[in-house]
Structures are given as C-alpha cells and as structure tokens.
Amino acid sequence: MIPVGNPAIGEDFIDRENEVIQILSTLEKDSVLLIAPRRFGKTSIMRKLKDELLKKDDICVFLEVEDVETPQRFISEIIMALVENGKSSIKTKIISSLKGVLKWLRDNIEEIETPLGRAKLRSEIESDLKEDWMEKSRQIFDTINGADSTIYIIIDEFPIAIKNMEPKEAEKFLHWFRKLRQVSGNLRFIVGGSVSIDNVVRGTGGVAVINDFRRVKIGGFQKEIALEAISKVFIDEGWHYEDYIGEKILGSIGEAYIPYFIAVMLSALKEENILNGGEINENLIDKVYNLRILGSEGKHYFEHYSHRLRLFYPEMEEKAARAILKKVCSVDNYPVDLAFGFFKEMTGIDDSEKFMDLIADLSNDFYIEYDQENGLKFYSKMLRDWWRIYHGSS
Ligand SMILES: Nc1ncnc2c1ncn2[C@@H]1O[C@H](COP(=O)(O)OP(=O)(O)OP(=O)(O)O)[C@@H](O)[C@H]1O
Ligand SMILES: [Mg+2]
Numbered sequence: 081m082i083p084v085g086n087p088a089i090g091e092d093f094i095d096r097e098n099e100v101i102q103i104l105s106t107l108e109k110d111s112v113l114l115i116a117p118r119r120f121g122k123t124s125i126m127r128k129l130k131d132e133l134l135k136k137d138d139i140c141v142f143l144e145v146e147d148v149e150t151p152q153r154f155i156s157e158i159i160m161a162l163v164e165n166g167k168s169s170i171k172t173k174i175i176s177s178l179k180g181v182l183k184w185l186r187d188n189i190e191e192i193e194t195p196l197g198r199a200k201l202r203s204e205i206e207s208d209l210k211e212d213w214m215e216k217s218r219q220i221f222d223t224i225n226g227a228d229s230t231i232y233i234i235i236d237e238f239p240i241a242i243k244n245m246e247p248k249e250a251e252k253f254l255h256w257f258r259k260l261r262q263v264s265g266n267l268r269f270i271v272g273g274s275v276s277i278d279n280v281v282r283g284t285g286g287v288a289v290i291n292d293f294r295r296v297k298i299g300g301f302q303k304e305i306a307l308e309a310i311s312k313v314f315i316d317e318g319w320h321y322e323d324y325i326g327e328k329i330l331g332s333i334g335e336a337y338i339p340y341f342i343a344v345m346l347s348a349l350k351e352e353n354i355l356n357g358g359e360i361n362e363n364l365i366d367k368v369y370n371l372r373i374l375g376s377e378g379k380h381y382f383e384h385y386s387h388r389l390r391l392f393y394p395e396m397e398e399k400a401a402r403a404i405l406k407k408v409c410s411v412d413n414y415p416v417d418l419a420f421g422f423f424k425e426m427t428g429i430d431d432s433e434k435f436m437d438l439i440a441d442l443s444n445d446f447y448i449e450y451d452q453e454n455g456l457k458f459y460s461k462m463l464r465d466w467w468r469i470y471h472g473s474s
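Numbering (the working numbering), first residue to last: 81 to 474.
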C-alpha cells in the first residue's frame with residue numbers, strides 16, 4: 081500500500097522519471113526550486129534525487145529545516161550535514177577550515193567522531209556565528225567552494241525556515257544565500273517547501289533574492305502511471321483488478337492525478353474492505369468516495385489546504401481568497417471579472433494588479449487554474465468536491 085502522508089521512498093516510490101531527469105539536467109548549471117503545495121511528493125522526489133546523486137559518486141546532503149529559526153542555525157545545519165557526510169575529502173577540508181575559526185574544535189578534534197561530540201560541534205558553530213555570521217560563514221564557504229567536486233545540498237521546507245526568521249534577519253540571510261549561489265561554482269541547491277516561497281519572500285527582499293533558481297513544478301502523475309500504481313496496489317493486496325476499476329478510481333479523483341490523492345483513495349478502500357468486506361466494484365468505489373473521503377472522517381485529508389490560507393495569506397487576501405474559492409468550487413468555470421468583484425467587496429481595494437497577484441498566488445499554490453478563455457477553475461476535482469462540502473456555500 082502507498083504510504084498516506086509520509087514520503088514514499090525505496091520500493092514505495094513510484095515513477096517521477098521525467099521530473100528526476102529534468103532536475104538532474106538543470107542541476108548541471110543551476111540550482112533548483114521545487115514548486116508544489118503540501119503532499120504533492122516533493123520530499124519523496126528530493127530523497128530520490130539524493131539516492132541518484134550519491135549513486136553517481138557525488139557529494140549530496142539532505143536537510144530538513146522546518147525547525148530552523150535563525151541564519152546561524154541554517155548555516156550550522158549545512159556545515160554539520162557536510163561534516164557528517166561519508167565523503168572524507170570534503171569532510172577533512174571543512175574540519176580544517178573550521179579549526180581556523182573554532183577554538184573548541186582545535187582542542188577537541190577527536191571528539192567529533194562521536195554523536196555527543198558532533199552535537200557539541202553544532203552548538204559551537206552556532207554560537208560562534210552569533211557575531212558576524214556573514215563574514216565567518218564566508219570564510220567557511222570559501223573552503224567548501226575550494227572542493228574539486230560538485231556538492232549538492234537538498235533543503236526541504238526552506239520557506240518555513242525563512243518565515244521563522246526575524247524579517248530583517250531573513251532578508252539579510254536571503255541576500256547572503258543569493259550571493260553564496262553566485263560565487264560558488266561547485267555548489268548546487270535543491271530547495272523545496274510546502275508553502276509558496278513567493279509569498280514568503282514578498283515581505284523579505286522580494287523575488288529578486290531567489291530569481292536565479294530554476295523552477296520545477298511538480299504536478300500529478302500521468303494517467304498510465306496512476307493506473308499502473310493502482311493496479312499494483314490491488315495485486316499486492318490480493319484484490320481482484322480490472323481496467324474499469326482503475327478508470328473508476330481515477331474518475332473519482334479527477335485530474336490532476338496527485339499521488340497523495342490516489343493514496344488517500346486506496347487506503348480508504350482498504351479500510352472499507354477490512355471493516356465491511358465486499359467486492360471492490362464501481363458501487364463500492366462511489367460509496368468510499370462519498371462517505372469516507374467527502375464524509376466527516378475525510379475532513380482531515382485536505383484541511384491543510386484551508387489552514388494554509390490562514391497561515392500564509394495576509395488577512396484581507398485570505399478573506400478574499402475564501403470568498404473566491406467558495407464561488408469557484410460551485411461551478412466548472414468561474415468568470416474572472418466576478419471574482420474581481422468579490423475581491424473589491426472583501427478587501428475594499430479597487431486594484432486589478434493586486435487582485436491578479438492573489439490569483440497568481442492561488443494558482444501557484446495549486447488551488448485554482450486560470451486562463452483567459454475559461455476563467456477560474458479548481459486545479460483538482462477531488463479538492464474541489466472536498467472544498468464544496470467543507471468550505472462551500474451549502
Ligand atoms: N513518487 C511517489 N510514489 C508514491 N507515492 C507518492 C509519491 N509522491 C508522493 N506520494 C504520495 O504523497 C504523499 C506525500 O508525499 P511527500 O511527503 O513526498 O510529499 P510532500 O510534497 O513533501 O508533502 P509535505 O508538503 O507534507 O511535506 C505520500 O505519502 C504518498 O502517499
Ligand atoms: Mg515534504
């Protein structure tokens with residue numbers, strides 16, 4: 081069974097071949113920003129990339145920075161990840177450069193082979209960076225830049241770390257980080273997060289601080305891949321599978337075939353099957369979709385979409401976004417000028433540029449799609465059905 085929420089790794093990881101190829105080729109020249117909202121499969125792809133890069137004998141570290149709140153901590157996390165990585169050449173270089181700036185390390189070099197010693201080193205680096213972190217970390221990164229191999233640094237939940245920082249510090253950090261990418265020919269970053277980075281940087285330096293990243297959008301699976309994934313689960317579970325069943329499941333989910341949505345549907349089918357038995361046929365799939373996904377027990381599956389509006393959209397925009405989404409979920413296509421009317425009503429702002437910024441945010445965060453001919457529509461059928469029940473007019 082596909083995991084429902086945790087990253088899909090190893091045997092559980094399905095496909096994403098095109099995305100992985102695209103990212104690896106982009107990395108030859110540039111750093112990469114993965115764009116997708118919660119649960120689309122960013123972490124799974126990042127973990128896959130790490131495996132692929134390590135296979136090629138490159139240096140690659142993976143950091144999860146959701147709890148990071150300061151530049152100092154951010155930098156010490158990178159340094160520690162490099163110190164802890166198995167490749168000895170870069171490790172030795174970093175340690176010798178750190179010895180130049182850290183007295184503790186000079187006196188206790190043998191301790192860093194132990195977990196306790198490494199914990200101590202982490203806090204030493206962090207406290208050493210308290211003053212003048214920009215200059216000190218420049219010295220350390222000069223050494224790292226001197227390494228003769230490319231170093232890949234994968235950073236998950238980057239926008240959250242930026243949001244956690246004091247706004248002034250965040251701005252300083254983003255400029256420093258931009259410069260680091262410019263001057264370091266052998267460093268490549270793969271950065272992702274579950275909230276829109278554009279939203280986060282808007283208040284701290286603007287998009288200019290991240291405009292060197294090449295953006296890779298992560299969407300749903302292609303239909304054949306989605307069908308293959310479903311049939312594999314049926315076979316693994318010992319359920320009878322026929323093509324119409326896969327089609328029926330995808331019909332409920334609708335495009336885009338987001339792996340998490342498929343996993344949610346399959347796990348709900350499994351629960352139903354365990355509790356009530358019964359052959360998995362079209363009726364059962366309808367029942368599971370209507371009762372388990374759209375019924376009260378399904379509320380939690382997508383609640384983070386609603387929560388995210390509260391967390392990351394300014395108050396007025398959140399109100400306007402909710403009003404617009406409420407309308408958009410009730411019809412196949414919604415005229416954009418009517419949505420602009422709601423925007424004006426909710427915010428009191430008669431400015432079409434501000435309105436289009438909000439539409440762009442909602443599109444980048446994969447709530448809706450916009451095109452001039454058809455206006456606005458929900459990005460995903462399943463999310464639209466869910467939204468109509470929990471946040472719609474009825
Ligand atoms: N390549 C994949 N193969 C199989 N399942 C996947 C894949 N990618 C994503 N999933 C499904 O989506 C879920 C979430 O995946 P993942 O944690 O990688 O997403 P994420 O975008 O990092 O989520 P979050 O925003 O919560 O950090 C998984 O539990 C699994 O159900
Ligand atoms: Mg993730």
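Heads up, the beta-carbon is just placed ideally off N, CA and C, and yes, glycines get one too.
Practice task
Indicate the three-state DSSP secondary structure (helix, strand or coil) for E144 in the structure shown.
Solution key: Along the sequence shown, one-based indexing puts residue 144 at 64. Strand, per DSSP.
Exercise for the section: May I ask you to verify whether the segment 423 to 443 touches the segment 380 to 396, counting CB pairs closer than 8 angstroms and requiring at least 3? Expected result: yes
Handout entry: Those residues which DSSP pairs with D236 across a bridge
Key = Along the sequence shown, read from residue 1 onward, the residue named residue 236 stands at position 156. According to DSSP, which records beta bridges pairwise, D236 is partnered with E144.
Exercise for the section: Look at D110 and R294 and say whether their C-beta atoms are less than 8 angstroms apart. Expected result: Taking the first residue of the sequence shown as 1, we reach residue 110 at position 30. Taking the first residue of the sequence shown as 1, we reach residue 294 at position 214. Result yes, Cβ atoms of D110 and R294 sit closer than 8 angstroms.
Handout entry: Integer Cβ distance of L346 from M81, believed to fall under 8 angstroms
Key = Here the question's residue 346 lines up with position 266 in the sequence shown. Here the question's residue 81 lines up with position 1 in the sequence shown. Between M81 and L346 the Cβ distance is about 7 angstroms, and since that is below 8 angstroms, they are a contact.
Practice task
Decide yes or no for the touch test of the segment 257 to 267 against the segment 93 to 101: beta carbon pairs closer than 8 angstroms, at least 3 of them.
Solution key: no
Practice task
Reducing DSSP to helix, strand and coil, say where L107 ends up.
Solution key: Translated into the one-based positions of the sequence shown, residue 107 becomes position 27. Three-state result, L107: coil.
Exercise for the section: Look at the Cβ atom of N444, then the Cβ atom of N413, and state whether they are nearer than 8 angstroms. Expected result: As a position in the sequence shown, residue 444 is number 364, starting the count at 1. As a position in the sequence shown, residue 413 is number 333, starting the count at 1. The answer is no: Cβ separation not under 8 angstroms.
Handout entry: Pair within 8 angstroms by beta-carbon distance, E317 and K350
Key = For this step, residue 317 is matched to residue 237 along the sequence shown. For this step, residue 350 is matched to residue 270 along the sequence shown. Contact flag set, yes.
Handout entry: Length of the line joining the Cα atoms of Y369 and G331
Key = For the purposes of this step, residue 369 is taken as residue 289 along the sequence shown, with counting starting at 1. For the purposes of this step, residue 331 is taken as residue 251 along the sequence shown, with counting starting at 1. Distance between the alpha carbons of Y369 and G331 is about 11 angstroms.
Practice task
Specify the secondary structure class of D187 as computed by DSSP and reduced to three states.
Solution key: Here residue 187 corresponds to residue number 107 of the sequence shown, with the count starting at 1. In the structure shown, D187 sits in a helix (DSSP, three-state: H, G or I).
Exercise for the section: Go through its chain and collect everything with a Cβ distance to S217's Cβ below 6 angstroms, but skip five positions before and after it. Expected result: One-based indexing of the sequence shown puts residue 217 at position 137. For S217, where only same-chain residues beyond five positions count, the Cβ hits under 6 angstroms are I155.
Handout entry: S274 CB to nearest heavy atom of ligand 1 below 7 angstroms
Key = Taking the sequence shown and counting its residues from 1, one reaches residue 274 at position 194. Yes, since a heavy atom of ligand 1 falls inside the 7 angstroms radius drawn around the Cβ of S274.
Practice task
Please go through the same chain and pick out, in chain order, the residues whose beta-carbon is closer than 6 angstroms to the beta-carbon of T106, but skip the five residues on each side of it.
Solution key: One-based indexing of the sequence shown puts residue 106 at position 26. V112 and R294, listed in sequence order.
Exercise for the section: Could you check the C-alpha separation between F142 and I235 for me, to the nearest Å? Expected result: Locating residue 142 in the sequence shown gives position 62, where the first residue counts as 1. Locating residue 235 in the sequence shown gives position 155, where the first residue counts as 1. Between F142 and I235, the C-alpha separation is close to 6 angstroms.
Practice task
Determine the DSSP secondary structure at R96, reduced to helix, strand or coil.
Solution key: Here residue 96 refers to the residue found at position 16 of the sequence shown. If DSSP states are grouped into helix, strand and coil, R96 belongs with coil.
Exercise for the section: Could you tell me whether the segment 299 to 306 touches the segment 252 to 263, where touching means 3 or more Cβ pairs closer than 8 angstroms? Expected result: no
Exercise for the section: Go ahead and label G283 buried or exposed: buried means 16 or more other beta carbons lie within 10 angstroms of its beta carbon, across all protein chains shown. Expected result: Position 203 of the sequence shown, counted from the start, is the residue given in the question as residue 283. So G283 counts as exposed.
Exercise for the section: Could you say which of E132, K406 and M436 lies nearest to D417 if we only look at CA atoms? Expected result: Residue numbering aside, residue 417 sits at position 337 when the sequence shown is read from its first letter. Checking every option, the nearest Cα to that of D417 belongs to M436.
Exercise for the section: Examine ligand 2 and report whether any of its heavy atoms sits within less than 7 angstroms of the Cβ of E236. Expected result: For the purposes of this step, residue 236 is taken as residue 156 along the sequence shown, with counting starting at 1. Checking the sequence, you will find Asp at residue 236 rather than Glu. Under cutoff, so the answer is yes.
Practice task
Measure the CB-CB distance between I333 and M462 and report whether it falls below 8 angstroms.
Solution key: Taking the first residue of the sequence shown as position 1, residue 333 is located at position 253. Taking the first residue of the sequence shown as position 1, residue 462 is located at position 382. The answer is yes: Cβ separation under 8 angstroms.
Problem - Closest Cα partner of G180 within the set V271, I205 and E157 - result: For the purposes of this step, residue 180 is taken as residue 100 along the sequence shown, with counting starting at 1. Closest option to G180, Cα to Cα, is I205.
Practice task
Buried or exposed for P247, please, with buried defined as at least 16 other CB atoms from any protein chain shown within 10 angstroms of its CB.
Solution key: The residue given as residue 247 occupies position 167 in the sequence shown. Classification for P247: exposed.
Exercise for the section: Could you tell me which residues DSSP pairs with L113 in its beta bridges? Expected result: Locating residue 113 in the sequence shown gives position 33, where the first residue counts as 1. In the DSSP assignment, L113 is bridged to V271 and R295.
Exercise for the section: Measure the Cβ-Cβ separation of L456 and I448 and say whether it is below 8 angstroms. Expected result: On the sequence shown, residue 456 is found 376 positions in, with the first residue counted as 1. On the sequence shown, residue 448 is found 368 positions in, with the first residue counted as 1. Yes. Within cutoff.
Exercise for the section: Check whether the segment 128 to 141 touches the segment 184 to 200, counting contact only when three or more Cβ pairs, one atom from each stretch, lie closer than 8 angstroms. Expected result: no
Exercise for the section: Quick one: residues in its chain with C-beta nearer than 7 angstroms to the C-beta of N165, no 5 flanking neighbours on either side, listed in chain order? Expected result: Residue mapping note: residue 165 aligns to position 85 of the sequence shown, counting from 1. Once the five neighbours on either side are set aside, the close Cβ partners of N165 are I139, V141 and K171.
Problem - Length of the line joining the Cα atoms of I242 and Q152 - result: The count along the sequence shown starts at 1 and reaches residue 242 at position 162. The count along the sequence shown starts at 1 and reaches residue 152 at position 72. Straight through space, the alpha carbons of Q152 and I242 are spaced by roughly 12 angstroms.
Problem - Reference R464; option with closest CA among K407, F422 and I439 - result: For the purposes of this step, residue 464 is identified with residue 384 of the sequence shown, where counting begins at 1. Checked all of K407, F422 and I439; the closest Cα to R464 is K407.
Handout entry: Where E157 falls, given that 16 or more other Cβ within 10 Å makes a residue buried
Key = As a position in the sequence shown, residue 157 is number 77, starting the count at 1. It counts as buried.
Handout entry: Collapsed DSSP secondary structure at K407 in the structure displayed
Key = Position 327 of the sequence shown, counted from the first residue, corresponds to residue 407. K407 falls in the helix class under three-state DSSP.
Exercise for the section: Determine the burial state of V287: buried for a count of at least 16 other Cβ atoms within 10 Å of its Cβ, exposed for fewer. Expected result: One-based indexing of the sequence shown puts residue 287 at position 207. Flag for V287 reads exposed.
Handout entry: Strand pairing of Y450, partner residues [DSSP]
Key = For the purposes of this step, residue 450 is taken as the residue at position 370 of the sequence shown. DSSP output for Y450 lists L456 as bridge partner(s).
Handout entry: Nearest-angstrom Cα separation, counted from I192 out to S169
Key = Walking along the sequence shown from the start, residue 169 turns up at place 89. Walking along the sequence shown from the start, residue 192 turns up at place 112. Rounded to whole angstroms, the separation of the alpha carbons of I192 and S169 is 16 angstroms.
Practice task
Confirm the yes/no value for this check: CB of I103, any heavy atom of ligand 1, distance under 7 angstroms.
Solution key: Residue numbering aside, residue 103 sits at position 23 when the sequence shown is read from its first letter. No - ligand 1 has no heavy atom lying nearer than 7 angstroms to the Cβ of I103.
Exercise for the section: Going by DSSP, name the residue or residues bridged to W301. Expected result: As a working note, residue 301 is residue 221 in the sequence shown. Here residue 301 is Phe; the residue named in the question, Trp, does not match the sequence. Bridge partners of F301: Y337.
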